[in-house]
């Protein structure tokens, strides 16, 4: 949670609303301020998992731009991902599948093998979210084995590799 986010922020170029973050510029924001919401640029507090999700949306070698709008979008995206995982565990299998889970799994591993490309991995996981919602609303189907494979994929990539957890 907090310590890994602290390490990440210490080792990356960070901007605030497009301007380099620096105490001397008066635009510095601490993790404690992000977690408490006690900063003029923030409209609310953000959880450690929301901050982690926000950081994972950019490659670890790229510049990160903090803004309240970007953090709100990250919070919404994180909640959507967690809701889909909850839905995933409630899905009922069909006799056959209309979705190719093995290709999704392969692409997820390729993203991680590509210099830990977390932005691409997240976009692929959100393809999985679309699949989950389609199965839930009855427009797509998953066999029992594909359903278990999709559950495993989300457990491995969301919880084990990205270190996200439901709050």
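Numbering (this note's numbering), first residue to last: 4 to 170.
C-beta: ideal position from N, C-alpha, C; glycine also.
By the criterion of at least three beta-carbon pairs nearer than 8 Å, the region 98-116 is in contact with the region 144-151.
Restricting attention to 138, 117, 92, 41, the CA atom closest to the CA of residue 63 is found in 117. Annotation: residue 67 to residue 23 spans about 10 Å, alpha carbon to alpha carbon.
Excluding sequence positions up to five before and after residue 50, its CB lies within less than 6 Å of the CB of 170, all in the same chain and listed in chain order.
Within its own chain, the residues whose Cβ lies closer than 6 Å to the Cβ of residue 87, once the five positions on either side in sequence are excluded, are 132, 135, listed in chain order.
Counting only runs of at least 4 residues, the region 78-153 fully encloses the following alpha helix (DSSP H) elements, listed from N- to C-terminal order: 104-116, 121-139.
Straight through space, the alpha carbons of residue 17 and residue 43 are spaced by roughly 17 Å. The Cβ atoms of residue 167 and residue 59 sit closer than 9 Å to each other.
Distance from the CA atom of residue 112 to the CA atom of residue 78, rounded to whole angstroms, is 25 Å.
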